[in-house]
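In the working numbering, the protein residues as written are 111 to 320.
Each residue gets a CB set at the ideal place from its N, CA and C atoms; glycine is no exception.
In this text, all values refer to a predicted model and were calculated from it rather than measured experimentally.
Okay, structure coming up:
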C-alpha cells in the first residue's frame, strides 16, 4: 500500500514537472524579440522581464487639473505566475493630487471592459506617480484584438474611485496594436493556459455607454 502511494506521488510530481516545462517553452519569446527596436529590461519588481516594442511611450490627455498621462503596451514574462507571458497595458499618471483609482474602464466598439486593480504609487517632491498595469488574459485579449482590427487611434479611458470619476484619452495607433497582437499570436501567446490566473487579473465586459 505504501509503495502504491509512493508511485502515485511520484507520478503526480512528474506530471507537474512536465506541465511546468511545457508552460515555460510554450511562448516563443524569440519571435517577440525580432520586432524592430524592441527593448528588454527587468521590471521594477525585480522579478518580471519586460519586452517593450519601439515607439513608446504613448501620450494621453486627462480631464483633471495638473494630471498627465502616458501609456505603454508591452510583453511581460512572469516567473511567479507559471512563467506566463502577458501583454500588459500600463497607464501612468503624474499628478499633484493623488487619485488612487480602484478600477479602469476602456471602450472599444460596442464593448466596455472594466478592470479592477491596484495602482503602483510612488511620491516625490509633492508629485504622485501612479502606474495602473492591466495584464491581459484570454478573457480580456478580445479587447486588444478588436482594437487591432479597428481604424481608431484614440481610446477612451475612465479612472474610477469611490468618490471620483476621471475621464481620459490615450493615443495608441491601431497599427502598433495590430503588430503587438500579431507577434504575440505568432509566438503562441494565445495558447497559454490563463485559467489559474484569471482571478488575479479580473475583467468585466459590459455594453458600451452611448
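In this structure, DSSP gives residue 307 a helical state, which the three-state scheme calls helix.
Counting along the chain, the unbroken beta strand (DSSP E) around residue 200 starts and ends at 194 to 205.
The bridge partners DSSP lists for residue 315 are 223. By the Cβ test, the region 182 to 199 is in contact with the region 235 to 250, since at least three Cβ pairs between them sit closer than 8 Å. The continuous stretches of beta strand (DSSP E) do not include residue 300, and DSSP gives it neither H nor E. 222 is the residue among 222, 293, 257 whose C-alpha sits nearest the C-alpha of residue 315. Following the DSSP letters along the chain, one finds residue 280 inside the beta strand (DSSP E) bounded by residues 275 to 281. Per DSSP, reduced to three states, the secondary structure at residue 247 is coil, with no helix or strand assignment. A residue is called buried when at least 16 other Cβ atoms come within 10 angstroms of its Cβ; residue 162 meets this threshold and is buried. Distance from the CA of residue 149 to the CA of residue 173, rounded to the nearest whole angstrom, comes to 31 Å. Take the alpha-carbon of residue 231 and the one of residue 175: they are about 19 Å apart. In the pairwise beta carbon analysis, the region 182 to 194 is classified as touching the region 306 to 313: at least three pairs are separated by under 8 Å. Classified as exposed, residue 207 has fewer than 16 neighbouring CB atoms from the shown chains inside 10 Å of its CB. In the DSSP assignment, residue 170 is bridged to 179, 280. By the beta-carbon neighbour count (other beta carbons within 10 angstroms, threshold 16), residue 184 is buried. With contacts defined as CB atoms closer than 8 Å, residue 218 and residue 164 fail to qualify as a contacting pair. The alpha-carbon of residue 236 is positioned some 22 Å away from that of residue 212. Distances from the alpha-carbon of residue 238 to those of 171, 276, 209 put 209 closest.
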